[in-house]
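With my numbering, the residue at position 2 of the sequence shown is 2, and numbering never jumps.
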Amino acid sequence: MPWTLRTEFTFDSAHVITGYDGPCGRLHGHTYRVRMELSSEKLRPSAHVKRNIMVADFRTLKWAKKDIEQGGLDHAFLNDLPELGDDTTAEVIAAYLHRKTMERVRADLPDGDDGGDLKLRVTLWETPDSSCEYWE
1 MPWTLRTEFT
11 FDSAHVITGY
21 DGPCGRLHGH
31 TYRVRMELSS
41 EKLRPSAHVK
51 RNIMVADFRT
61 LKWAKKDIEQ
71 GGLDHAFLND
81 LPELGDDTTA
91 EVIAAYLHRK
101 TMERVRADLP
111 DGDDGGDLKL
121 RVTLWETPDS
131 SCEYWE
């Protein structure tokens with residue numbers, strides 16, 4: 001891919017891994033660190049600039065760092081999210097971040113552009129030394 005856009009951010013959230021036999025089965029929180037890497041064969045416009053000069057807008061990739069009341073995941077109880085429910089492992093959260101980010105990126109595409117060349121890799125750190133990567 002000619003271009004790869006990378007950004008990192010953190011958000012703080014709590015969760016319970018329901019049915020987990022151990023401390024993770026109790027309410028606890030993390031400062032999650034996220035790396036988004038979006039690759040593209042071509043440059044496009046975004047919701048904020050109408051010229052073909054971006055892979056995507058950094059703001060679009062950083063949606064999850066917003067407060068829960070603004071549509072992000074910061075200070076959320078992740079088990080309250082219908083798409084996650086009781087399944088709040090790093091693997092499931094990384095796939096969720098991927099799916100929701102691609103929905104936002106595709107919403108910014110011009111008519112007739114299906115974004116078929118776009119490839120997103122999400123890395124989610126639950127702790128400073130434990131992470132999960134998800135991509136399609």
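Backbone N, C-alpha and C define an ideal beta-carbon position, used for all residues, glycine too. Model, not experiment: these values are computed from the prediction.
*Taking all protein chains shown into account, decide if A56 is buried (16 or more other Cβ within 10 angstroms of its Cβ) or exposed.*
Buried: at least 16 other Cβ atoms inside 10 Å.
*Starting from H48 and walking both ways along the beta strand (DSSP E), at which residues does that stretch end?*
Element bounds for H48: n/a, residue is neither H nor E.
_Local conformation of A94 per DSSP, three classes_ = Helix at A94.
*Who are W125's beta bridge partners in DSSP?*
W125 is bridged to R33, S131.
*asked:* Please report the straight-line C-alpha distance between Y101 and W63, rounded to a whole angstrom.
replied: A small fix is needed here, since residue 101 is Thr in this sequence, not Tyr. Note on geometry: alpha-carbon atoms of T101 and W63 lie some 8 angstroms from one another.
*asked:* Between D74, Y96, T4, which has its C-alpha nearest T31's C-alpha?
replied: Checked all of D74, Y96, T4; the closest Cα to T31 is D74.
*Rounded to whole angstroms, what's the CA-CA distance from N52 to R26? Just pull it up for me.*
N52 and R26: Cα-Cα distance of roughly 48 angstroms.
*asked:* Quick test of your reading: D108 and A47, contact by CB under 8 angstroms. State the CB separation rounded to the nearest angstrom.
replied: Going by Cβ atoms, the distance from D108 to A47 rounds to 5 angstroms, so yes, they are a contact pair.
_Whole-angstrom distance between Y134 and A95, CA atom to CA atom_ = Between the alpha carbons of A95 and Y134 lies a gap of roughly 6 angstroms.
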